[in-house]
Each structure stands twice: as C-alpha cells, then as structure tokens.
Amino acid sequence: MTSIPVDPHSGGRVTDNTGNHPGHREPLVLNMDTFGQVTQQVCQVAEARRTPMAWYFLFAISLGGMGFLGFCVLYLILTGVGVWGLNNPVMWAYDITNFVFWVGIGHAGTLISAILFLFRQKWRTGINRFAEAMTIFAVICAGLFPGIHVGRVWVVYWLFPLPNQMEMWPQFRSPLLWDVFAVGTYFTVSLMFWFTGMVPDLATLRDRAKGKIQQIAYGAFALGWRGSNRHWHRYERAYLLLAALSTPLVLSVHSVVSFDFATSQLPGWHTTIFPPYFVAGAIFSGFAMVVTLAVPARELFGLKDLITIRHLDNMNKIILVTGCMVGYAYAMEFFIAWYSGAIYEKFAFLNRAFGQYWWSYLLMVACNVITPQLFWFKALRTSIPIMFVLSLFVNVGMWFERFVIIVSSLANDFLPTSWGVFTPTWVDIGTFVGSFGLFTVLFLLFCRFIPMIAIAEVKAIMPQADPHHEDHHGDAHEQDSEAGS
Amino acid sequence: MSAPKNVAANKAPARPALYGLIAEFETPAQIIKAAEQVRDAGYKWWDCCTPFPVHGLDQAMGIRTTILPVLVFFAGLSGTITAFCLQTFTNSSDFSLWAVVWVTGYPFLISGKPLLSLQAFIPVMFELTILFSALTTVSLMFGFNGLPRLHHPLFRSKRFRRATDDRFFVVIEARDPRFFPTRTREFLESLDPISIEAVED
Numbered sequence: 016m017t018s019i020p021v022d023p024h025s026g027g028r029v030t031d032n033t034g035n036h037p038g039h040r041e042p043l044v045l046n047m048d049t050f051g052q053v054t055q056q057v058c059q060v061a062e063a064r065r066t067p068m069a070w071y072f073l074f075a076i077s078l079g080g081m082g083f084l085g086f087c088v089l090y091l092i093l094t095g096v097g098v099w100g101l102n103n104p105v106m107w108a109y110d111i112t113n114f115v116f117w118v119g120i121g122h123a124g125t126l127i128s129a130i131l132f133l134f135r136q137k138w139r140t141g142i143n144r145f146a147e148a149m150t151i152f153a154v155i156c157a158g159l160f161p162g163i164h165v166g167r168v169w170v171v172y173w174l175f176p177l178p179n180q181m182e183m184w185p186q187f188r189s190p191l192l193w194d195v196f197a198v199g200t201y202f203t204v205s206l207m208f209w210f211t212g213m214v215p216d217l218a219t220l221r222d223r224a225k226g227k228i229q230q231i232a233y234g235a236f237a238l239g240w241r242g243s244n245r246h247w248h249r250y251e252r253a254y255l256l257l258a259a260l261s262t263p264l265v266l267s268v269h270s271v272v273s274f275d276f277a278t279s280q281l282p283g284w285h286t287t288i289f290p291p292y293f294v295a296g297a298i299f300s301g302f303a304m305v306v307t308l309a310v311p312a313r314e315l316f317g318l319k320d321l322i323t324i325r326h327l328d329n330m331n332k333i334i335l336v337t338g339c340m341v342g343y344a345y346a347m348e349f350f351i352a353w354y355s356g357a358i359y360e361k362f363a364f365l366n367r368a369f370g371q372y373w374w375s376y377l378l379m380v381a382c383n384v385i386t387p388q389l390f391w392f393k394a395l396r397t398s399i400p401i402m403f404v405l406s407l408f409v410n411v412g413m414w415f416e417r418f419v420i421i422v423s424s425l426a427n428d429f430l431p432t433s434w435g436v437f438t439p440t441w442v443d444i445g446t447f448v449g450s451f452g453l454f455t456v457l458f459l460l461f462c463r464f465i466p467m468i469a470i471a472e473v474k475a476i477m478p479q480a481d482p483h484h485e486d487h488h489g490d491a492h493e494q495d496s497e498a499g500s
Numbered sequence: 004m005s006a007p008k009n010v011a012a013n014k015a016p017a018r019p020a021l022y023g024l025i026a027e028f029e030t031p032a033q034i035i036k037a038a039e040q041v042r043d044a045g046y047k048w049w050d051c052c053t054p055f056p057v058h059g060l061d062q063a064m065g066i067r068t069t070i071l072p073v074l075v076f077f078a079g080l081s082g083t084i085t086a087f088c089l090q091t092f093t094n095s096s097d098f099s100l101w102a103v104v105w106v107t108g109y110p111f112l113i114s115g116k117p118l119l120s121l122q123a124f125i126p127v128m129f130e131l132t133i134l135f136s137a138l139t140t141v142s143l144m145f146g147f148n149g150l151p152r153l154h155h156p157l158f159r160s161k162r163f164r165r166a167t168d169d170r171f172f173v174v175i176e177a178r179d180p181r182f183f184p185t186r187t188r189e190f191l192e193s194l195d196p197i198s199i200e201a202v203e204d
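Sequence lines, in order, name chains P and S.
Going letter by letter, the first sequence gives residues 16 to 500 in the working numbering.
Going letter by letter, the second sequence gives residues 4 to 204 in the working numbering.
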C-alpha cells in the first residue's frame, strides 16, 4: 500500500503509550512538541497533491457497491417490495435488520463526542471527528431502509405530520412515528455537532490553502472563523450544551428503536430489557466499527501519532465492557423467559437458540459474547491485527443479533399454522451489501478532503496548551511558581 | 463585534483607515499574561485570537459569561410545548385551525386508549425538546459571534493566518477610545511579542 509520506525514519520514535502508572500521565499525542506539527500532520492528508493508490482502489470498489445499491433500490421501487424475500409472517427482515444495524453503528460516534466529553476523557479528541462522521454516514444508510421499505416511496411524506387525503394524521401513539422523530433529530443534531466542531479546523485549512478553489471551498464552510477568544468562549459553551443535549438523545434514539419491538405483543420482542440492551449493543457495534475504520485510516494517512495505541486500547476496553453487557442481556432474556412462566415467551427463546435459525444465534453469541473476552489480555488489546479481526467479528455478530431478534420472533410466533420461513433474495443481499458501498464512499471522501482529526481539540489537550506548562520546565518561571505556592 | 464601516475611508481610498494593531505571541502562557495587561490598561475593543481555546484566557480578558444556556433552556421548553400541542391537536382533538391551509385534528381511538395519551406523547416531546435546543444553540452561538461572515479585516494580514495554526494574537482595534497608533504600539511592545503589525480596515 502506498501511503502519504510522513516521516519515513522511525528510529527513536515513541509508539507505546499504554502504560497505566499512577502519577504519570501518558501522552495522547506522540512525537510532537509543537502545535504546528499537529496542524501539519492532520492537514497533509487533505492537502496532499497525490491521493494514495489504496484510496482509489477502495473508492472504486465502494462506488461499485453504491451503484449496485442504486440499482437494487430502483428495481425495488419500480417492481414492488415483493422483490425482497419478506412475506407473511416475516414482514420485517433484512430492511429493518439493516436499519437497526446502521443506527446502532452511529451511536459510538455520539458516545465519543458527547458522553466522553462530559466525562472529560481527553483521548476522545483523537478519534471524535471521524467517529462523528461515521455516525452521520451510518444514519444516512439507516434512513434509507425504512424509506424504501414503505413500498410506495412517493407517499413517504405520510411519515411526517401532514394530513393525508382523508384528513387523517399520522398516529402518534405508534413507536414507528417516534422513530421518525428520534432518527430525524439524531441526524440533525449529529450533523450540527460534527459541523460545529469542524469550523475551527476548516479555518485552519482555509488559512493554509494554496489554491483558489481550496481557499473558497474551505473558506465558505469555515464561516469566517478567526479564532477570537470571545468567539471561543461562546463556542465552548455551545459545544458543552450540544454534548449535554446529545447524551440523552443518543440513549433515547436506540431506546425508541427498541420500542418498535418492545411495545408489540410478540414473544421475544415484548420485553422491558430492550431499551438498555439495545443501547449497549449499539455502542458495542459502533465502537467495533470505529476500530475497523481507525486501524486502516491511521495506517494509510500516517496518523499513528494522533490515533495512538492508547486510543485503540481504550476503545477495545469499551468493546469488552459493552460486549459483557450484551452477553448479560442475552442471558437475562432467557432467565426472564423461564421466570415469566409464559409458554410462548419460553418457546420463543428456545426456538431462537435451537430452532430453524440456530446458526444465526450461534454466530451472534460466538461473535458478541465470546470473541470480545479476548480483550481481557493487554497483549491482544494492543495488537493491531487482532483488534481489527475482532472488530470485524463484532460487526458481523451485531448484524446477526438484529437478524435473530427480528426474524426468528416473526417466523415462529403463537400458532404453528401461521409460522413461516424467511429466505433472502439477491435484492435483499444486494441492498445490504450496497449500503456498505454508500457508507464507504462517503467515508473515503471525508478522509480525503476534511480534517480527519479535530486539530484544535487535539492541540488543547497537549501539555503545551496548559498556560502553566512552562512553570515546570522553564528556569525563569520556576521561582515564580514556587513563590506563589 | 462587527466594525461599523468607516465612511471617510470609503471616500478616500488612497489612505485606508487603520483597523487595529495585532501583536503575535508564541505560547498560551504569554497570551494570558499579555491579555491581563491589555485588560488592566482599560481597552474595550480588543480581542485575543488563538488556535484553540486557551484555559484561563476568559478570566484574563474579563469576558462575561454568555447568556446562551438560558436562551437554550427556553428554546427547549418551546420544543416540548410544540410537540405536545402538535400531538394533542392532530391525534386527540377535532379542532380546525389555520396553518397555511385549514387543517382539522383527528381524534384517534386506538385500542381503547384515552384520547389524551400523554405517556405515548413523551418520546416525541423529548425529541423536539432536544431538536429545538440544539438548533438554537448552534444558530445563536454563530449569531452572537457575528458569523458567518465572508471577510474580516484581520484576514488581510498574512501573519494572522497562523492564528489558526500555532500563534496567539492580541488585537487592539483602532475604534477603541484609548487607541492611539504610537502609544498603543509602544504599549504592545512592552508586552514583549514576537511581532507587531498594523492591519488596515
């Protein structure tokens, strides 16, 4: 793989910052002493004349996938939803699985940008920008599926609070309508959060731009930002507010998604554990996706000093924790099914594990509960190839989790006479695979043209950014600080 | 902080008016020290431009805390009320009202649930609260900051471009009552910056 040349000689460079000695804070930015170096390191990706060959290669594949997605969607719209394999009784299958899968992926981005911000986790600054980008692109992919699942896409405005030709309004007691508001709000707020965070960095790119086109393009989106501290003051307040607003929002979005299932009467869906279980699963899958994307991106664009092993190590710890939560939820579902004494509930869970979809249940447990346990070991947590493979496993497992919940419950509900089997068609599979194309196209464009790392935020967490930093090193200030204390 | 256009400068383009003086510093510690002195010297129309928010600079400059969070609270409240009214109107009433066209509510009776199902209306009320708050946060933040704007006199300075990279600037505007080109320059020199530059309006 060709990569943008950064610093070919790696002799004497610090690469390991995973130590956990109390009293010694490991640096989050490696091998850099000045703010200018951070700017340079991040901006060189967007400013590079030549794009790495690997980028073109991936972009071509993704574009192909996106094209196929477009074809499948067009075919579906022109022909009807019957081109998918879903039919009575399995009326929700790949489409809703994909919807929940993609929305879930998005949650890690918001967790990193909002919740870790409130918890003052400084390591978030290295990864928040592209995790938020991932959120937005994932929500775009997610929104596609219910949009085309409605069948007659030309009346998709029925989703919105507008009266139809019979002067009837959408039914606000339905969780499906809550979903429209939840996902719509989530997308809007995530986009604003992402953009607001990016404005100072776009200003950096504007001020460094050599060409007229770059200057105008970055300049327009930088909104005339000039780093005024009077602006920074309101900006920081606004950022804190956005984080505080996004935190309950992200928890609510997947809770509302889980209400789509939990408020129904179907055995296997009608459980109170769903909201927290879905949120934990969403964060789990989202972090896996962040690792999947971060590992190649830092390699390809030479960002190893900013997205360090410590960042990846921390993310793997979160994968481990949320993986255990998900495993607990799986066990608790079984316990409640037994403890409730409801025969349909009991059957639904036995059927999940040993019924016609036993293989997907097995895949789900293997990928989501067993593989993350490897992250108990630091050597595995900090090994790039292992974490990459494990994150892929988690992605697969979390897709199957949604498949298991949705399809196995619908296929075998109360009366055996109304049971059925779901088999995907090529359009089902094509749309799903194609959505990855759409996602990667957007992500690759983002990597190439937009500052992939929050430059201003990374600078602010460097030790040099502390106004008292020099007190500990400088000779002139030493006496001052001692006299002061 | 948008500067009112100097009419005299427009009429006589030969000698453009002065926007202000900028002094360049290298570290956060220096800018804080400088900011404290500018503040104490009694300047009003001045600013610090930094590549990232420097901790403690707000106090050093004496910036008053923004009212933004209070306004956002009311925006959120209006979101809650909007969502409540929207849902009760469309699902629990048969009133007619004018919203661009005449529309009428539709009292849905779904599985014997009460017409005013507040519990079922909570999720949408919550979401609109967040949506209204977030939209207000971002738009008011940029609005109060006088952004977006297409140009600013400071962008004329090549040196100032490093304000978004690794340099810290003190800007004293010419419209400040205490501003005198030579005296202010001398004052800035006493702060020990690495450079001082005059920026034209």
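By construction, the Cβ of each residue, glycine as well, lies at the ideal position given by its N, Cα and C atoms.
Model, not experiment: these values are computed from the prediction.
(request) List the DSSP bridge partners of P:N102. (result) P:V105
(message) In this structure, how does DSSP classify S:T21 when only helix, strand and coil are distinguished?
(response) According to the sequence shown, residue 21 of chain S is Leu rather than Thr. It is a strand residue.
(message) Need the endpoints of the beta strand (DSSP E) that S:E176 sits in, please.
(response) 171-176
(message) Using a Cβ-Cβ cutoff of less than 7 Å, which residues in the same chain neighbour P:L73 once the five nearest sequence positions on both sides are dropped?
(response) T455, L459
(message) So, at 7 Å on beta carbons, what are the nonlocal neighbours of S:L134 in its own chain, with the 5 sequence-adjacent residues on each side left out?
(response) G82
(message) Does chain P have any CB closer than 8 Å to the CB of S:D43?
(response) no
(request) Grab me the residues of P:W204's own chain with a C-beta within less than 8 Å of its C-beta, minus the 5 sequence neighbours each way, in chain order. (result) Looking at the sequence itself, residue 204 of chain P is Val, so the reference to Trp does not match. Once the five neighbours on either side are set aside, the close Cβ partners of P:V204 are L257, L260, S261, L264.
(message) To test your reading of the DSSP string, which unbroken beta strand (DSSP E) runs of 3 or more residues are found completely within the stretch 407-487 of chain P?
(response) none
(message) Suppose you measure from the CA of S:P196 to the CA of S:A26; what does that come to, to the nearest Å?
(response) 6 Å
(request) Sort out for me which residues DSSP pairs S:C52 with in a bridge. (result) P:S243, S:F172
(request) Could you list which residues in chain A have their beta carbon closer than 9 Å to that of P:A197, in chain order? (result) In summary, chain A is missing from the structure at hand, where the protein chains are P and S.
(request) Kindly identify the DSSP beta-bridge partner or partners of S:F221. (result) Nothing about residue 221 of chain S can be read from this structure; chain S reaches only from 4 to 204.
(message) Going by beta-carbon coordinates alone, are P:M379 and P:V419 separated by less than 8 Å?
(response) yes
(request) Measure from the C-beta of P:W193 to each C-beta in chain S and report whether the shortest distance is under 8 Å. (result) yes
(request) Please confirm if S:K116 has its CB atom under 8 Å from at least one CB of chain P. (result) yes
(request) Tell me, please, whether the CB atom of S:S136 is closer than 8 Å to any CB atom in chain P? (result) yes
(request) Go ahead and pull the three-state DSSP assignment for P:E41. (result) coil
(message) Quick check: the Cα distance between P:D216 and S:I113, rounded to an integer number of angstroms?
(response) 51 Å
(request) Could you say which of P:Y172, P:A381, P:K393, P:P482 lies nearest to P:I324 if we only look at CA atoms? (result) P:K393
(request) Could you tell me if P:Q388 is buried or exposed, where buried requires 16 or more neighbouring beta carbons within 10 angstroms of its beta carbon? (result) exposed
(request) Taking S:D168 and P:T219 to be in contact with their CB atoms under 8 Å, please state how far apart those CB atoms are, rounded to whole angstroms. (result) 6 Å
(request) State the Cα-Cα distance for the pair P:M16 and P:A69, rounded to the nearest angstrom. (result) At P:M16, the pLDDT of 38 sits below 50, so the modelled position is not reliable and the matter cannot be decided from this model.
(request) Under 8 Å between beta-carbons, which chain P residues line up against S:F147? List them in chain order, please. (result) R249
(request) Mind the definition here: the stretch 143-154 of chain P touches the stretch 108-127 of chain P only if three or more C-beta pairs lie below 8 Å; say whether that holds. (result) yes
(message) Using a Cβ-Cβ distance cut-off of 8 Å, determine whether P:L256 contacts chain S.
(response) yes
(message) Quick check: the stretch 178-196 of chain P against the stretch 222-240 of chain P, are at least 3 beta-carbon pairs closer than 8 Å?
(response) no
(request) Go through its chain and collect everything with a Cβ distance to P:F408's Cβ below 6 Å, but skip five positions before and after it. (result) C382, T386
(message) Whole angstroms are fine: how far does the CA of P:P311 sit from the CA of P:P3?
(response) Missing from the structure shown is residue 3 of chain P; chain P here goes from 16 to 500 and no further.
(request) Report the residues of the stretch 37-50 of chain P with a CB closer than 9 Å to any CB of chain S, ordered along the chain. (result) T49, F50
(message) For a test of the three-state rule: what should DSSP assign to S:T187, helix, strand or coil?
(response) helix
(message) Just to confirm my understanding: we take P:D31, look at its own chain, exclude 5 residues before and 5 after, and list those with CB closer than 7 Å. What are they?
(response) I324
(request) Measure from the C-beta of S:F55 to each C-beta in chain P and report whether the shortest distance is under 8 Å. (result) yes
(request) Note down the Cα distance separating P:V105 from P:L425, rounded to an integer number of angstroms. (result) 5 Å
(request) Could you tell me the boundaries of the beta strand (DSSP E) in which S:A201 lies? (result) 198-203
(request) Using a cut-off of 7 Å between C-beta atoms, extract the partners of S:P75 located in chain P. (result) Here residue 75 of chain S is Val; the residue named in the question, Pro, does not match the sequence. Within 7 Å Cβ-Cβ: L256.
(request) Along the alpha helix (DSSP H) that carries P:A381, what are the first and last residues, could you check? (result) It is not in any alpha helix (DSSP H) - P:A381 carries neither H nor E in the DSSP assignment.
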